[in-house]
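Step one of this worksheet: look at the structure below.
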Amino acid sequence: GRKGAGPAWRAPAAAMLFYSFFKSLVGKDVVVELKNDLSICGTLHSVDQYLNIKLTDISVTDPEKYPHMLSVKNCFIRGSVVRYVQLPADEVDTQLLQDAARKEALQQKQ
């Protein structure tokens with residue numbers, strides 16, 4: 001079979017952790033920095049198990065460098081091109097994240 005394609009593909013557990021986490025942030029404003037250095041601010045509309053992201057009401061942090069993005073209001077970002085996602089600090093339940101990460105590490109050891 002093809003690697004990473006079709007319904008047989010299972011996201012690694014770490015990806016599922018991020019997937020659940022990002023799903024909890026739908027409706028919040030985030031900044032997504034891409035591997036090509038483009039940073040896009042917008043409202044998180046949806047995320048899928050491949051960590052593809054849909055943003056609405058977007059703007060770019062450097063419009064002079066990316067004038068072609070000025071007319072774009074919504075976008076779909078492939079998960080594999082994301083470098084960072086900046087989140088509103090007050091929206092992140094760090095305790096919950098740490099617990100989930102600990103649980104994840106324990107499962108990896110077994």
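Everything in the sequence shown is counted per the UniProt record's numbering, starting at 1 for the first residue and increasing by one. We treat Cβ as the ideally placed atom computed from N, Cα and C, and that holds for glycine. Quantities reported herein were computed from a predicted structural model and do not represent experimental measurements.
Taking all protein chains shown into account, decide if Phe22 is buried (16 or more other Cβ within 10 angstroms of its Cβ) or exposed.
buried
Is it right to say Lys103 is buried, meaning 16 or more other beta carbons lie within 10 angstroms of its own, or is it exposed?
exposed
For Ser39, I'd like the list of residues in its chain whose CB is within less than 6 Å of its CB, leaving aside the five on either flank, ordered along the chain.
Val31, Glu33 and Thr61
Which whole-angstrom value is the C-beta distance of Gln86 and Ala13, which I expect to be below 8 Å?
About 24 Å; that fails the 8 Å criterion.
Closest to Pro88 by CA distance: which of Ala15, Val72, Asp37 and Gly42 is it?
Gly42
Apply the 10 Å Cβ neighbour rule to Val47 and answer buried if 16 or more other Cβ atoms are within range, or exposed otherwise.
buried
Check the C-beta distance from Phe76 over to Asn52 and give it rounded, since I have them as a contact under 8 Å.
7 Å
Bridge partner(s) assigned by DSSP for Gly42
Val30
Just to confirm the assignment, what range does the alpha helix (DSSP H) spanning Tyr19 have?
Ala13 to Lys23
Nearest CA to the CA of Asp29: which residue from Pro63, Asn36, Ala15 and Asp57?
Asp57
Please list, in chain order, all residues of the same chain as Met69 whose beta carbon is under 6 Å from its beta carbon, the five residues on each side excluded.
Val60
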